[in-house]
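Heads up: take any position in the sequence shown, counting from 1, add 14, and you land on the numbering used here.
The beta-carbon is built from N, C-alpha and C at its ideal position, and this holds for glycine as well.
Comments concern the structure below.
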Amino acid sequence: MDVNLANLPADEKQKIELDKQAAYAVWKVVNNQAPQSLYQDEASALVDWQREVYLASVEKYRAQPEAFIIPEATAPE
């Protein structure tokens, strides 16, 4: 089923953006490019419902940290 994201209501688009923001924050923390406090720093800038969506997404992505680890480059043989 194809869904055109441009046709979604504004609140659904915002939820998708918050989910992407959470995924990127987890990626940065897992790869030691940002401190753990990043989650709360970003959440504090959001309004209530946005904060809830963002923090729920952070927890979802923190449960699968192996998906965010940058693989080590192997030397060519």
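I'd like the list of long-range same chain contacts for residue i, defined as Cβ closer than 8 Å, with 5 residues on each side in sequence excluded.
i   : result
K27 : L19
R76 : V40
Q64 : Q28, L32
Using C-beta distances below 7 Å, list every residue in its chain close to residue i, excluding the 5 sequence neighbours before and after it, in chain order.
i   : result
K29 : V67
I84 : N45
A24 : none
With the cut-off set at 8 Å, would you say residue i and residue j are in Cβ contact?
i   : j   : result
S71 : A37 : yes
V43 : Q50 : yes
A39 : L60 : no
F82 : N46 : no
E56 : Q78 : no
What does the Cβ neighbour count give for residue i, buried or exposed, with the cut at 16 atoms within 10 Å?
i   : result
L32 : buried
The alpha helix (DSSP H) with residue i in it runs from where to where?
i   : result
V40 : 24-44
E80 : Taken as a continuous stretch (DSSP letters only), E80 belongs to no alpha helix (DSSP H), as it is neither H nor E.
E73 : 62-76
L19 : Looking at the DSSP string, L19 is not in any alpha helix (DSSP H), and its letter there is neither H nor E.
E56 : 52-58
Skipping 5 residues on each side, what residues in its chain have a beta carbon closer than 6 Å to that of residue i?
i   : result
L69 : A57
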